[in-house]
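In my numbering, the protein residues as written are 45 to 687.
All C-beta atoms in this analysis are idealised placements derived from N, C-alpha and C, irrespective of residue type, glycine included.
Treat the numbers as computed from the prediction; the structure is a model and nothing was measured.
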DNA sequence: CTAGGGTTAG
């Protein structure tokens, strides 16, 4: 009879085992475990165990393990590591612990390799205490042992432990390798730490390793230094797809869609094919630039990966943020799987585009489906309420968010509520709420209150809020202008002048207004009073004349309120969005929606202008400002004039 | 036995 132990190579064991099973497994195994009258063959027990391990037959492997335990037998380390892999894959925590127990029984001393496997298992099960316990008791620790622990801590909230371990490892005389460095970089909690690690990496000559490189690029970008990352990227020779994705993703996450898309073109020229990660970043780039047509082209490539949740979420967000809710709806409906991000994206998308009711309905549908809302989902539904003036609903969600969804109200939630109450004219309540906050209100929170004061012309409270904003964010140009205008309006000229002086001294300048439009794969940018295109100005003049005949009166009445937008500028008539809209009407085929993106909030006059123009020209016009989306059609706007 | 890239708000 063939003995299993003849087959030293695990693959051969596996193949024979599979054949035996196919023909007559029962007879063979019974014959082997009960060889008539003779003593049990120890090698057979171990062989059987080995075979089950390679077959990934967990129940039988565990049975064989018990039998080995009874006879004080041990298999080789590689076999155990196969079994441990299997436990990891199946999430079999208890079985894994039994293996751990077994290999330390009766004074057996497992090899470092095997203990490393166990360490890795505990890390994969996220049982860091068990891993640490085992690690602390190891007699010999090699680079893998240390790295395993460093990886664990780098991915945990105890990042400083990862760095401490690195130091201990060096003191212990164990050289970190590329595995160690590519993980520990993530643990830098300060940019200076990152730079120190980078120096170590250069010194030991590991900077050229693609894993280390992509980690470096990624972490520099996470620290908001994509330019440094790009320098490194350009300096180095070879890259792989992940390195490309790191740099492209880095720029897209730092909202530099333009650079991200440029790099994507470079990547394609270098002969790489986009994968899911690339496409996700490219879509995010389109989203931040509001490039709907380019986004649609990317969509074609997304279809290849239509089961990829993250990618689909990015696609969904692209359509929402580009103002095409029809496309967003169909992506959402077709998604095979949806997670909390898919739902949140759609809810926020609906709210931003003016469909607050639909957003709330979808939120309720989400709850009905059993999906648990998170911090951002709740923010989305409050946002929907605040933009539709739904005070009652908003208050209700806010008050029950902790009990109903298990989400503690954070400063963003308070901000939404302050916005909601403030806009609805309940300034006292808004003020009360900001003082009741459990967390420290930040500049954004105070700005929400300030915005409400502006709308309802509460000068005293506005002054109070503006001072708070400036103490927290001394670079906020809009607030300076607003506050100085409040002073000017109350004839407090000295204070107004002082504030303007302060602004000058601090070198704070208002961001110039800019609008963009995408036509035929080209992006056209317009700035305030842009007179590089006289023909657009002429056409704009004609539109204004015709609108005036219909009763349009350019609105210059809001003097001090409109500081965030371009309203303080004299050339109200040539705001960038007006130029961009007119250009769109001139260049796009009849019936095609004019889509504009701008960097500042739309002003009251442009809002009226766009509404009337949409009716006169029979055109849909969409203007996306940094907060809201305005869909103009037939003389009305999706925001219901509430923004 | 150890390593790198992607999605919702601000």
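Nonlocal neighbours in the same chain, by C-beta distance under 7 Å from residue i, ignoring five residues either side
| i | result |
| --- | --- |
| residue 351 | 380 |
| residue 359 | 327, 343, 346 and 375 |
| residue 273 | 261, 264, 265, 291 and 294 |
| residue 661 | 629 |
Residue i beta carbon near the ligand GTP (any heavy atom closer than 7 Å)
| i | result |
| --- | --- |
| residue 509 | Questions concerning the ligand GTP fall outside what the structure shown contains, since it holds no ligand whatsoever. |
Inter-residue CB distance, residue i and residue j (contact presumed, cutoff 8 Å)
| i | j | result |
| --- | --- | --- |
| residue 624 | residue 640 | 5 Å |
| residue 505 | residue 475 | 6 Å |
| residue 621 | residue 336 | Actually they are not in contact, since the Cβ atoms of residue 621 and residue 336 sit about 17 Å apart, beyond 8 Å. |
| residue 427 | residue 395 | 5 Å |
| residue 384 | residue 415 | 6 Å |
| residue 496 | residue 466 | 2 Å |
| residue 147 | residue 117 | Incorrect: roughly 12 Å between the Cβ atoms, too far for contact. |
| residue 516 | residue 487 | 4 Å |
| residue 638 | residue 584 | Rounded, the Cβ-Cβ distance is 13 Å, inconsistent with contact. |
| residue 256 | residue 222 | 5 Å |
| residue 357 | residue 386 | 5 Å |
Contacting residues, own chain, Cβ-Cβ under 6 Å from residue i (five flanking each side not counted)
| i | result |
| --- | --- |
| residue 156 | 184 and 186 |
| residue 330 | 338, 339 and 362 |
| residue 104 | 96 |
| residue 570 | 559, 620, 623 and 624 |
| residue 65 | Confidence at residue 65 is low in this model, with a pLDDT of 35, below 50, so its placement is unreliable and no value can be given for it. |
| residue 586 | none |
| residue 408 | none |
| residue 203 | 231 and 233 |
| residue 656 | 591 and 596 |
Closest Cα partner of residue i within the set the options
| i | options | result |
| --- | --- | --- |
| residue 682 | 651, 660 and 661 | 651 |
| residue 470 | 400, 434 and 441 | 434 |
| residue 321 | 284, 637 and 123 | 284 |
| residue 160 | 193, 135, 171 and 142 | 193 |
| residue 107 | 98, 116 and 92 | 92 |
| residue 169 | 129, 224 and 286 | 129 |
| residue 645 | 213, 205, 668 and 259 | 668 |
| residue 389 | 420, 400 and 401 | 420 |
| residue 259 | 278, 289, 281 and 271 | 289 |
| residue 737 | 544, 572 and 88 | No answer is possible for residue 737: it lies beyond the span of the chain, which begins at 45 and ends at 687. |
| residue 400 | 634, 418, 447 and 369 | 369 |
| residue 552 | 576, 523 and 566 | 523 |
| residue 124 | 446, 99 and 589 | 99 |
Distance CB(residue i)-CB(residue j) smaller than 8 Å
| i | j | result |
| --- | --- | --- |
| residue 162 | residue 121 | no |
| residue 392 | residue 412 | no |
| residue 432 | residue 462 | no |
| residue 232 | residue 191 | no |
| residue 404 | residue 443 | no |
| residue 355 | residue 324 | yes |
| residue 366 | residue 334 | yes |
| residue 579 | residue 643 | no |
| residue 167 | residue 188 | no |
Residue i to residue j span [Cα, whole Å]
| i | j | result |
| --- | --- | --- |
| residue 542 | residue 531 | 10 Å |
| residue 699 | residue 267 | Since the displayed the chain opens at 45 and closes at 687, residue 699 lies outside it and no answer follows. |
| residue 676 | residue 299 | 27 Å |
| residue 111 | residue 174 | 26 Å |
| residue 534 | residue 654 | 33 Å |
| residue 647 | residue 582 | 22 Å |
| residue 673 | residue 246 | 48 Å |
| residue 218 | residue 372 | 53 Å |
| residue 136 | residue 145 | 14 Å |
| residue 181 | residue 139 | 21 Å |
| residue 546 | residue 684 | 38 Å |
| residue 314 | residue 498 | 53 Å |
| residue 242 | residue 317 | 29 Å |
| residue 151 | residue 101 | 28 Å |
| residue 686 | residue 253 | 54 Å |
| residue 550 | residue 526 | 16 Å |
| residue 297 | residue 398 | 26 Å |
| residue 679 | residue 592 | 14 Å |
| residue 165 | residue 508 | 57 Å |
| residue 473 | residue 251 | 57 Å |
| residue 199 | residue 229 | 11 Å |
| residue 460 | residue 501 | 20 Å |
| residue 287 | residue 224 | 18 Å |
| residue 594 | residue 666 | 22 Å |
| residue 447 | residue 132 | 36 Å |
Residues near residue i by beta carbon distance below 8 Å, same chain, minus five either side
| i | result |
| --- | --- |
| residue 235 | 267 and 269 |
| residue 483 | 454, 455 and 458 |
| residue 142 | 106 and 109 |
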